[in-house]
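Have a look at the structure below, then the notes.
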Amino acid sequence: MALHFELVTPARLVRSDDVYMVVVPGTEGEFGVLEGHAPFMSTVRDGTLKVYKSEGAQPEEILVQGGFAEVGENGLTVLAEHVAG
141 MALHFELVTP ARLVRSDDVY MVVVPGTEGE FGVLEGHAPF MSTVRDGTLK
191 VYKSEGAQPE EILVQGGFAE VGENGLTVLA EHVAG
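In the numbering used here, the protein residues as written are 141 to 225.
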């Protein structure tokens with residue numbers, strides 16, 4: 141099973157992909173999201189999203205600045221104020 145992950149900025153959809161896990165830099169600390177995670181919302185601090193394509197894989201790192209993360213029935217959506225690169 142895969143987690144549907146979307147990364148969005150005010151200007152564009154940066155990424156929409158099925159992945160194994162994403163680690164998000166929440167303002168209360170980092171948290172990992174896998175398929176089937178309970179519904180959850182958090183603010184995002186400036187930091188690095190770690191995207192794991194498969195179990196045991198090396199993470200892809202994406203620098204984000206601020207925003208919100210929402211885990212729902214459709215997976216994880218990160219609404220970032222800015223994404224580097």
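Every residue gets a Cβ at the ideal spot worked out from N, C-alpha and C, and that includes glycine.
These numbers were taken from a predicted model, which means no experiment stands behind them.
Residue 205: member of the beta strand (DSSP E) spanning 200-212, first to last residue. In the structure shown, residue 161 falls within a strand segment according to DSSP collapsed to helix, strand and coil. Contact annotation: residue 164 and residue 173 have beta-carbon atoms nearer than 8 Å. Excluding five sequence positions before and after residue 222, the CB atoms of its chain that fall closer than 8 Å to its own CB belong to 149, 204, 205, 206, given in chain order. When the Cα atoms are used, residue 169 and residue 158 turn out to be separated by approximately 24 Å. Boundaries cannot be given for residue 178, as no beta strand (DSSP E) includes it and DSSP labels it neither H nor E.
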